[in-house]
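In the order they appear, the protein sequences are chains A and B.
Taking the working numbering, the leading residue of the first sequence gets -18, the next gets one more, and so forth.
Taking the working numbering, the leading residue of the second sequence gets -18, the next gets one more, and so forth.
In what follows, a structure is listed as structure tokens, so that the remarks can point back to it.
There are 2 protein chains.
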Amino acid sequence: MARPSRAPVAPPAEEGNRRAELIRTAGRLFREKGFDATTIRDIAAAVGMRSGSPFYHFKSKQDLLKAVMIEGLDVALVGMRAVAGRGGSPEELFRDLVHAHLRLILDPANDFSILLYEWRSLTEESRAEVIAAKDRYEEVWRVALEPLVEQGRIGGGRLAHLFVFGALNWIVQWYHPEGGLSIDQVAGKAVDFLLRP
Amino acid sequence: MARPSRAPVAPPAEEGNRRAELIRTAGRLFREKGFDATTIRDIAAAVGMRSGSPFYHFKSKQDLLKAVMIEGLDVALVGMRAVAGRGGSPEELFRDLVHAHLRLILDPANDFSILLYEWRSLTEESRAEVIAAKDRYEEVWRVALEPLVEQGRIGGGRLAHLFVFGALNWIVQWYHPEGGLSIDQVAGKAVDFLLRP
DNA sequence: CCTACCGATCGGTAGG
DNA sequence: CCTACCGATCGGTAGG
């Protein structure tokens, strides 16, 4: 009564906010416990919903995982392209990419790291979509690495970027912030390992 | 009647064979589908048992995973120590270790690779046991790497072995036998990447 | 987004 | 190692 029916026609930001909240929370739980071990009920409870409600925003649990991954890759790609656009020598570019990548996968506020280990949980179609996004991300790296491989600063030839990804992505397995090394310090050590003098 | 009661007192090899068969089959399925996505029924069916029977050999699904991992690490450790005992220069030893490690994690007949990605599925106690076995394995590597790091043939200082493991273990993510490279060829490329001239 | 619920599946067990 | 079964849980849905 007090409020006239001037309420917005299309549900505004709020709807997107809840969706974004689900993605963020699901990402965190998937990372902490794994996709299979995380239930829709866990996710719903963590955002203050009832168990059936996430399905109002996502048609399946799979779909939620796909959204988490693509969201993560989009954020990553934007960041990487910004770095790549800064210019500088191949070595400087490489250093910057390593630092940016590690901040991305090691930051606990980020859920990028589930991209590394939950491929198997995606359906065939979702996987194709996510792989396409991943390929765009890797392309930035391949281009950046090429001159360094050619100069002999990085070994491994055509496989160099795969070995580089391995050395970097594996860090999520052993890095702990309390260990005394900052992310940037680890990045420095990684560059020292990867790049020949 | 025809056969006198000279049947063996303790159930012989057969019992161990069934157990070993369960470990081998469970390992393959865990690797293919992941621990959570593999059911006891899958495993039982694959070895020709009924769904309840694996629990005659293992008291829980967890226990079966632990057995798969420890079995895998034991096999690996024996192989690695044999390599380490062969002697030779630090560089030769390193090459040999890389080849042996990759044969271990890339051979589809082996289930060593699930060690890399199913830590989360272990209970606290099982994990401690498996980590102890893993530490023994890594020790071989740390010793072998030390002189090379000191000579500047490998970068990364104290973290060198972690970066090396990363570059090597990541290979399971992208290697396909049909890709035209043999395991030993990939190993050669890996050494080229890791070891400075 | 909630209520109320389903169908299916799953790890595990008793009792032989 | 099988038969027969349980208790719990889970993804998902109808209907509002």
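Using N, Cα and C, we set each Cβ at its ideal position, and we do this for glycine too.
Check	Outcome
I'd like to know whether the C-beta of proline -15 of chain B is nearer than 8 Å to at least one C-beta of chain A.	Caution applies to proline -15 of chain B, whose pLDDT of 38 falls short of 50 and renders its modelled position unreliable; the value that the coordinates give is listed next. Chain A, which has no Cβ nearer than 8 Å to the Cβ of proline -15 of chain B, makes this no.
With a threshold of 16 other CB atoms inside 10 Å of the CB of histidine 157 of chain B, please say whether the residue is buried or exposed.	exposed
Let me make sure I understand the geometry here. Which of B:Leu96, B:Val153, B:Arg(-1) has the alpha-carbon closest to that of glycine 29 of chain B?	B:Arg(-1)
Can you give the Cα-Cα distance for arginine 6 of chain B and proline 35 of chain B, rounded to whole angstroms?	In the sequence as displayed, the identity of residue 6 of chain B is threonine instead of arginine. Each residue's alpha carbon lies about 12 Å from the other.
Flag aspartate 116 of chain B as yes if its beta-carbon sits less than 8 Å from any beta-carbon of chain A, otherwise no.	no
Shortest alpha-carbon distance to aspartate 173 of chain A belongs to which of A:Arg9, A:Leu10, A:Gly33, A:Arg76?	A:Arg76
Candidates B:Gly66, B:Val153, B:Val64, B:Leu85: which alpha carbon is nearest leucine 143 of chain A's?	B:Val153
Can a CB atom of chain B be found closer than 8 Å to the CB of alanine 7 of chain A?	no
Output yes if chain B places a C-beta closer than 8 Å to the C-beta of aspartate 17 of chain A; else output no.	yes
Assuming alanine 81 of chain A and methionine 50 of chain A form a contact by the criterion Cβ under 8 Å, report the distance between their Cβ atoms to the nearest whole angstrom.	Wrong, their Cβ atoms sit about 19 Å apart, outside the cutoff.
Residues of the region 55 to 69 of chain A in Cβ contact with chain B at a cutoff of 8 Å, in chain order, please.	none
Leaving aside the five residues before and after valine 121 of chain A along the sequence, list all residues of the same chain whose C-beta is less than 7 Å from its C-beta, in chain order.	Met61, Arg62, Ala65
Glycine 138 of chain A by DSSP, collapsed to three states: which one?	helix
Between which two residues does the alpha helix (DSSP H) harbouring glycine 161 of chain A extend?	Counting along the chain, glycine 161 of chain A falls outside any alpha helix (DSSP H), and DSSP gives it neither H nor E.
Taking arginine 141 of chain A as the query, report the chain B residues whose CB atoms sit under 8 Å from its CB, ordered along the chain.	In the sequence under discussion, the amino acid at residue 141 of chain A is alanine, which differs from the arginine named in the question. Within chain B, the residues near alanine 141 of chain A are Phe174.
Inspect the beta-carbon positions of lysine 170 of chain A and glycine 133 of chain B and report whether they are closer than 8 Å.	no
Using a Cβ-Cβ cut-off of 6 Å (strictly less than) and excluding sequence neighbours within five positions of leucine 45 of chain A, which residues of its own chain qualify?	Ala7, Phe39
Out of A:Ala18, A:Arg31, A:Gln43, A:Asp17, which has the shortest C-alpha to C-alpha gap to isoleucine 4 of chain A?	A:Gln43
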